[in-house]
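Okay, so the sequence shown: first residue is 41 according to this note's numbering, each after it adds one.
Backbone N, C-alpha and C fix where the C-beta goes; we use that ideal spot for every residue, glycine too.
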Amino acid sequence: MLVTAVALVLCIGIGLVLLHEKGLFSTQLYPPGTLKGYEVRFEWEAGIKSLRVINLETKAEETDSRLRKAALGAAREGLPGLMQQVRLNRAKGQYYISLMADREPFLSTYSGAKITEPDLAQLGAVAGDGNLTELKKLLAEGAEVNGRDIDGGGRTALMWAAAGGRIENVKELLAFGADPFVEDDHGSTALHYGALGESASVVKALIAARANLNARDQTGATPLAKAAWAGQAEVVRILLEAGADVNARDNRGQSALAIAESRGHLKVVEILRKAGGKR
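Okay, structure coming up:
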């Protein structure tokens, strides 16, 4: 998500700098030292459906056609990547741009991009707190089951439910089409989150849904490594029985056995050794 936000910022900056060279952002319009901020509100439906540029000082919609054109050009470059990251076909959201003029006018931009509709954070919160009735209601109303939140690190509702050990919510989400292969911003899947918890039933449900047993996050850790780190002996046993690679190593070259030993999880160490684990 950070890469997407940076790309969006750069696209906005490039588009507005070009207009700056044409005189839109001149010291005549903006005296030295002044800062002009804008909120860009967008609606997306397989493409940009609408775009509004709001002056943060006056709270009014910006009417300057050149500024609107610059914002639109930046949105065309940056929003497809953002929508792909959150896995949405339809959404409403916003981002921000700012302009500062000095003796030598220069442009400053920042993104703060976020999705305002649908409320992915709400779906994740409901999935993680065990409220099955509310979860069913949100799904029935059309919530994006595989949507990735922005503020929560790109987690899906399935990840939140797995992390919270909410087996009924996990089953409901899987039945509704939740994809266990989706990764968050750090490369973790729902099985990584489930392996850290104490719910063996959650891990079994994800395995039954054909989750990738040997998926690696950005550190190279597999779900087995996560379970070994957390000392979840039963989860370690379940993952091994399902076919997880006992000797997979992370980016530092550590195996699940080495991790369990360093954490003092003796029961996990015993299970891994019996399964042929090597340090």
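Exposed or buried, residue i, counting other C-beta atoms within 10 Å across all chains shown (16 or more means buried)?
i, result
"L306", "exposed"
"G323", "The question about residue 323 has no answer, for the chain in this structure spans 41 to 319."
"K318", "exposed"
"S90", "exposed"
"R195", "buried"
"T262", "buried"
"R188", "buried"
"G293", "exposed"
"R256", "buried"
"G367", "The chain is shown only over 41 to 319; residue 367 falls outside these bounds and no answer can be derived."
"G237", "buried"
"F82", "buried"
"G316", "exposed"
"E301", "buried"
"E184", "buried"
"K177", "exposed"
Straight-line CA distance for residue i to residue j?
i, j, result
"E281", "L253", "11 Å"
"L297", "V308", "8 Å"
"K99", "G193", "30 Å"
"W84", "L179", "20 Å"
"S228", "D219", "13 Å"
"K132", "L264", "38 Å"
"D225", "K109", "31 Å"
"L172", "G182", "16 Å"
"A230", "V242", "10 Å"
"R127", "I207", "24 Å"
"L107", "N287", "56 Å"
"A86", "M123", "9 Å"
"A141", "E117", "Only weak support is given to the placement of A141: the predicted model assigns it a pLDDT of 46, under 50, and the question is left unresolved by the model."
"V93", "E157", "18 Å"
"I299", "L198", "26 Å"
"L279", "L119", "38 Å"
"A114", "A273", "50 Å"
"Y135", "G121", "14 Å"
"L147", "N186", "With a pLDDT of 34 at L147, under the threshold of 50, the modelled position of this residue cannot be trusted; read the value that follows with caution. Rounded to the nearest angstrom, the two C-alpha atoms are 37 Å apart."
On a Cα-Cα basis, can you pick out the residue from the options that is closest to residue i?
i, options, result
"R289", "V222, Y135, T259, E181", "T259"
"G234", "L107, V210, G304, L122", "V210"
"G271", "A261, A251, R303", "R303"
"E79", "N95, I207, R313", "N95"
"A240", "A202, A255, E223, R256", "A202"
"V166", "I155, K154, W200", "W200"
"E97", "G77, A251, G118, R81", "G77"
"R130", "I88, R92, V93, A114", "I88"
"K314", "R277, T156, G113, E157", "R277"
"R325", "A268, V222, A267, K266", "Residue coverage of the chain in this structure runs from 41 to 319, which leaves residue 325 outside it and unanswerable."
"Q125", "I155, G113, N291", "I155"
"G283", "L312, N291, W269", "L312"
With respect to 6 Å, is the separation between the Cβ of residue i and the closest non-hydrogen atom of the ligand FMN below this value?
i, result
"Y135", "The ligand FMN is not part of the structure shown, which contains no ligands of any sort."
Notebook entry, point to check: Does the stretch 213-220 come close enough to the stretch 245-254 to have 3 or more Cβ pairs within less than 8 Å?
Noted result: Yes, since at least three Cβ pairs between the stretch 213-220 and the stretch 245-254 fall closer than 8 Å, the two stretches touch.
Check: Are the stretch 95-103 and the stretch 151-161 in contact at 8 Å, needing three or more beta carbon pairs?
Finding: These segments do not touch.
Next item on the list: Let me know the alpha helix (DSSP H) ranges lying completely inside the stretch 259-310, each 4 residues or longer, listed in chain order.
Entry: Within the stretch 259-310, the complete alpha helix (DSSP H) runs of at least 4 residues are 263-270, 273-282, 296-303.
Item checked: Length at least 4, wholly inside the stretch 214-254: the alpha helix (DSSP H) runs in chain order -> Listed in chain order, the alpha helix (DSSP H) elements of length 4 or more contained wholly in the stretch 214-254 are 230-236, 240-248.
Next item on the list: Scan the stretch 154-216 and note each continuous beta strand (DSSP E) run of 3 residues or more that stays entirely inside, going in chain order.
Entry: DSSP runs (the beta strand (DSSP E)) wholly in the stretch 154-216: 154-157.
Notebook entry, point to check: Counting only runs that start and end within the stretch 71-114, where is the beta strand (DSSP E) found for 3 or more residues in a row?
Noted result: For the stretch 71-114, whole beta strand (DSSP E) runs of length 3 or above, ordered along the chain, are 74-85, 88-95.
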